[in-house]
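**Student:** For the sequence shown, our numbering gives the first residue as 10, with consecutive numbering after it.
Every residue gets a Cβ at the ideal spot worked out from N, C-alpha and C, and that includes glycine.
A single structure is presented below for examination.
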Amino acid sequence: LKAWWRGEGRYFAGEVVEAHGSEVRVVYDDGDEQWENLRKNKHEWLSGDEATLPAADESAAAAVPKMHKKRKRDRERRRQERRAESRRQQKAAAAESAESALAPRRVDGADTPARKKHRGKVTLLGHALRLCVTWYAARGRSTAA
């Protein structure tokens, strides 16, 4: 097994002496013994003819992708963009609120969407009610029940 050591930026060869699931105990060529998690740590399996590894290889260190750093930067950038967008929306809402507070309002509220929807019906009903009251008053009758 060749295991990647991030601190030194290269692979070290070792022999697997015990395994439990994805955890393996590796005895390295320099005598160091350590448990490695094969799911988390970068590793390569050696074939039988690869007994030794070359010393520190600079190209191996350069070949390691640095995606985790890029992902972290992207995540931070997206988070900052969301915060900025939220701030823009809050400022726009506050400005709109301030404008509506300063704008002249109609007392009867006839310009509200609910009133606009029923404006004709309400007006017609009001005229009909006035006609009924006028008719009853002309006949000398009371409209109170």
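How would you label V142, buried or exposed, when you count the other beta carbons within 10 angstroms and need 16 or more for buried?
**Tutor:** Exposed is the call here.
**Student:** Give the single residue among L134, V33, E24, N50 whose Cα lies nearest to the Cα of D39.
**Tutor:** Comparing Cα positions, the closest option is E24.
**Student:** According to the neighbour-count rule (16 or more other Cβ atoms, all chains shown, within 10 Å of its Cβ), is V35 buried or exposed?
**Tutor:** Burial call: buried.
**Student:** Ordered along the chain, which non-local residues of its own chain (more than five positions away) have a Cβ less than 6 Å from that of Y27?
**Tutor:** Checking the sequence shown, residue 27 turns out to be Glu, not Tyr. Around E27: R34.
**Student:** Start and end of the beta strand (DSSP E) containing N46?
**Tutor:** Where N46 is concerned, the enclosing beta strand (DSSP E) stretches over 42-46.
**Student:** Hey, quick one: how far does the beta strand (DSSP E) through R34 stretch, first residue to last?
**Tutor:** Here the beta strand (DSSP E) through R34 covers 32-37.
**Student:** Distance, Cα to Cα, N50 vs Y20?
**Tutor:** Their Cα atoms are separated by approximately 11 Å.
**Student:** Helix, strand or coil for G149? Go by DSSP, reduced to three states.
**Tutor:** In this structure, G149 counts as coil in the three-state DSSP scheme.
**Student:** Which residues does DSSP list as the beta-bridge partners of G23?
**Tutor:** Beta-bridge pairing links G23 to Y37.
**Student:** Sorted by chain position, which residues of the same chain lie with C-beta nearer than 7 Å to A147's C-beta, five sequence neighbours on each side aside?
**Tutor:** Answer for A147: no residue qualifies.
**Student:** In angstroms, rounded to a whole number, what distance separates the CA positions of R84 and Q98?
**Tutor:** Between R84 and Q98, the C-alpha separation is close to 21 Å.
**Student:** Compute the Euclidean distance between the alpha carbons of R139 and Y145, then round it to the nearest angstrom.
**Tutor:** Approximately 10 Å, taken between the alpha carbons.
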